[in-house]
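**Q**
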Amino acid sequence: MDKIIAVVDRSGSMGRIKEDAQGGLNEFINTQKESDSEALLTVVEFDSEYNVVYNDGDLKLFEGYTLKPRGATALFDAIGRTAANVRDTKVAGKKIFLIVTDGQENSSVEYRDSRQVKTIIEDMRKDDWEFIFIGADESSLEQARSLGMDMDTTFMFDKSGAGARDSYGAASAYTSNIRGGVLKSAAIDTLNQTVVMSTTLKKAAGFDVREDKENV
Numbered sequence: 002m003d004k005i006i007a008v009v010d011r012s013g014s015m016g017r018i019k020e021d022a023q024g025g026l027n028e029f030i031n032t033q034k035e036s037d038s039e040a041l042l043t044v045v046e047f048d049s050e051y052n053v054v055y056n057d058g059d060l061k062l063f064e065g066y067t068l069k070p071r072g073a074t075a076l077f078d079a080i081g082r083t084a085a086n087v088r089d090t091k092v093a094g095k096k097i098f099l100i101v102t103d104g105q106e107n108s109s110v111e112y113r114d115s116r117q118v119k120t121i122i123e124d125m126r127k128d129d130w131e132f133i134f135i136g137a138d139e140s141s142l143e144q145a146r147s148l149g150m151d152m153d154t155t156f157m158f159d160k161s162g163a164g165a166r167d168s169y170g171a172a173s174a175y176t177s178n179i180r181g182g183v184l185k186s187a188a189i190d191t192l193n194q195t196v197v198m199s200t201t202l203k204k205a206a207g208f209d210v211r212e213d214k215e216n217v
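Residue numbers (the working numbering): 2 to 217.
1) Does the region 177–186 come close enough to the region 26–38 that 3 or more CB-CB pairs lie under 8 Å?
2) So the candidates are 66, 38, 28 and 166; which of them puts its Cα closest to the Cα of residue 9?
3) Distance check for residue 161 and residue 96, CA to CA, integer angstroms please.
4) Please report the straight-line C-alpha distance between residue 107 and residue 132, rounded to a whole angstrom.
5) Can you tell me whether residue 182 is buried or exposed, with buried defined as 16 or more other CB within 10 angstroms of its CB?
6) Could you have a look at residue 184 and say whether DSSP puts it in helix, strand or coil?
7) Report the residue from 173, 84, 73 and 116 whose alpha carbon sits nearest the alpha carbon of residue 16.
8) Can the beta-carbon of residue 11 be found closer than 8 Å to that of residue 99?
9) Residue 125 bridges to which residues according to DSSP?
10) Could you say which of 37, 64, 71 and 36 lies nearest to residue 52 if we only look at CA atoms?
11) Relative to the C-alpha of residue 137, which candidate in 113, 19 and 4 has its C-alpha closest?
12) Going along the chain, which unbroken runs of the alpha helix (DSSP H) with 4 or more residues stay wholly within the region 49–113?
13) Taking its Cβ as the centre, do 16 or more other Cβ atoms sit within 10 Å of residue 3, making it buried, or is it exposed?
14) Does the Cβ of residue 184 have 16 or more other Cβ atoms within 10 Å, making it buried, or fewer, making it exposed?
15) How many angstroms separate the CA atom of residue 55 from the CA atom of residue 26?
16) Grab me the residues of residue 24's own chain with a C-beta within less than 7 Å of its C-beta, minus the 5 sequence neighbours each way, in chain order.
17) Residues in its own chain within less than 8 Å of residue 80 by CB, not counting five upstream and five downstream?
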């Protein structure tokens, strides 16, 4: 059985993209329900506080997520606390960890340094966890970089909401391929790179990207 974790930013700034972000996440989850593989789903939302919406339940029984923007952005605490709860769990199937945010960390208390969270992510990758990052604009791109996210599975959209559904769609397509047994390299190659992030913009931000992904 697979395990899917979604850590979702509900801070006040998400208000301007509420419908796109909420709809995109629900479409992501609904698409995963169509898989032949069974999965357990955990949905966590965060602002300056942390709330577990759905805890390790049957993916197909999840009725949908409602985003209610408020508060600040304790991103590091949300990732760190969620990881602490799941990292030692025995999972026979695929393991997906989705992070959704529209801005930078500004209010974590327990995990104050991105390097702490990056180390946790690196350790979980060694145990075959797949990390996917969906963010808005350059501020989120820098955040993804500080956490050591794989740029091939970092999906960006504009803070106006433009491109949000496409980013969620690409993330879901990648997840479906991974859950279906497709090798990571092949799953990445099938993505529509126009909705991932312009390679030019990634280079401008100082990321090391593959030349064959060039898409200006």
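Where is the CB? At the ideal position from N, CA and C, for every residue including glycine.
**A** On the basis of the data shown:
1) yes
2) Counting from one through the sequence shown, the residue named residue 9 turns up at place 8. Just measuring C-alpha positions, the residue of 66, 38, 28 and 166 sitting nearest residue 9 is 66.
3) Walking along the sequence shown from the start, residue 96 turns up at place 95. Walking along the sequence shown from the start, residue 161 turns up at place 160. Roughly 31 Å between the two C-alpha positions.
4) By one-based count along the sequence shown, residue 107 stands at place 106. By one-based count along the sequence shown, residue 132 stands at place 131. Approximately 22 Å, taken between the alpha carbons.
5) Looking up residue 182 in the sequence shown gives position 181. Taking every protein chain shown into account, the CB of residue 182 has fewer than 16 other CB atoms within 10 angstroms, so this residue is exposed.
6) Here residue 184 is taken as the residue at index 183 of the sequence shown, counted from 1. Three-state DSSP puts residue 184 in coil, outside helix and strand.
7) As a working mapping, residue 16 is identified with position 15 in the sequence shown. Answer by Cα proximity: 73.
8) Here residue 11 refers to the residue found at position 10 when the sequence shown is read from its first residue. Here residue 99 refers to the residue found at position 98 when the sequence shown is read from its first residue. Cβ distance not < 8 Å, so residue 11 and residue 99 don't count as in contact.
9) Here residue 125 refers to the residue found at position 124 of the sequence shown. Partner(s): none; residue 125 has no beta bridge.
10) Here residue 52 refers to the residue found at position 51 when the sequence shown is read from its first residue. Cα-wise, what sits closest to residue 52 is 71.
11) Along the sequence shown, one-based indexing puts residue 137 at 136. Out of 113, 19 and 4, the CA that lies nearest to the CA of residue 137 is found in 19.
12) 76–87
13) Translated into the one-based positions of the sequence shown, residue 3 becomes position 2. By the neighbour-count rule (16 or more Cβ atoms within 10 Å), residue 3 is buried.
14) Taking the first residue of the sequence shown as position 1, residue 184 is located at position 183. Exposed, by the Cβ-count rule.
15) By one-based count along the sequence shown, residue 55 stands at place 54. By one-based count along the sequence shown, residue 26 stands at place 25. Distance between the alpha carbons of residue 55 and residue 26: 14 Å.
16) What you label residue 24 is simply residue 23 of the sequence shown in a count that begins at 1. These residues qualify, in order along the chain: 166.
17) Numbered from its first residue, the sequence shown carries residue 80 at position 79. If we look at residue 80 and ignore the five residues flanking it on each side, its Cβ neighbours are 8, 100, 112, 118, 121, 122 and 148.
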